[in-house]
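Each residue of the sequence shown is one higher than the last, beginning at 0 in numbering that gives the first Met the number 0.
Notes follow the structure.
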Amino acid sequence: MFINHTNHSSKYWSDEQLVAARQYGDIIDMPFPCIDPLASTKDIARLAQDYAGRIIALHPTAVLCQGEFIYCHALVERLLAVGITVLAATSERVVEESYHDGVNEKTVNFRFVQFREYCR
């Protein structure tokens with residue numbers, strides 16, 4: 000099982016990203032929690048512990064974890080400690096700019112490249 004623990008539902012992923020994720024098993028979306036910017040470090044640690052318990056109970060092969068940095072760090076440490084592979088998606092940033100009728104438009108797209116394991 001591959002758990003997608005991000006703010007980005009797998010239903011919007013490219014075919015390339017879906018194929019790469021399915022190498023780990025069926026994809027399960029576990030939406031990223033809403034992190035209060037006023038939360039204390041202790042609050043974040045408790046939230047990470049709660050989600051770590053939920054994730055560990057599912058016995059995933061791998062977890063994609065990307066989002067708020069302090070929460071991710073706390074969660075990744077807990078998952079790695081029990082031997083779960085934790086991943087981040089890497090992408091190529093593609094920028095297109097145009098200027099017409101006095102308006103400068105910038106479109107940024109991200110193209111999936113690969114999953115990269117968090118360091119142990």
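The C-beta atom is built at its ideal place from N, Cα and C for all residues, glycine as well.
For residue 110, the enclosing beta strand (DSSP E) stretches over residues 102 to 116. In the structure shown, residue 61 adopts extended strand secondary structure according to DSSP, grouped into three states. Scanning the segment 18 to 79 from its first residue to its last, the whole beta strand (DSSP E) runs of 3-plus residues come out as 26 to 28 and 61 to 64. Ranked by how close their Cα comes to the Cα of residue 36, the residues 72, 68, 75 and 112 have 68 in first place. With distances taken between CA atoms, residue 3 lies nearest to 20 out of 104, 117 and 20.
Residue 9 carries a helical assignment under DSSP once its states are collapsed to helix, strand and coil. Secondary structure note for residue 85: its beta strand (DSSP E) is the uninterrupted segment 84 to 99. Cβ neighbours of residue 96 within its own chain (closer than 6 Å, five residues either side excluded): 105. At a Cβ-Cβ threshold of 9 Å, residue 111 and residue 22 do not count as neighbours. When the Cα atoms are used, residue 30 and residue 0 turn out to be separated by approximately 15 Å.
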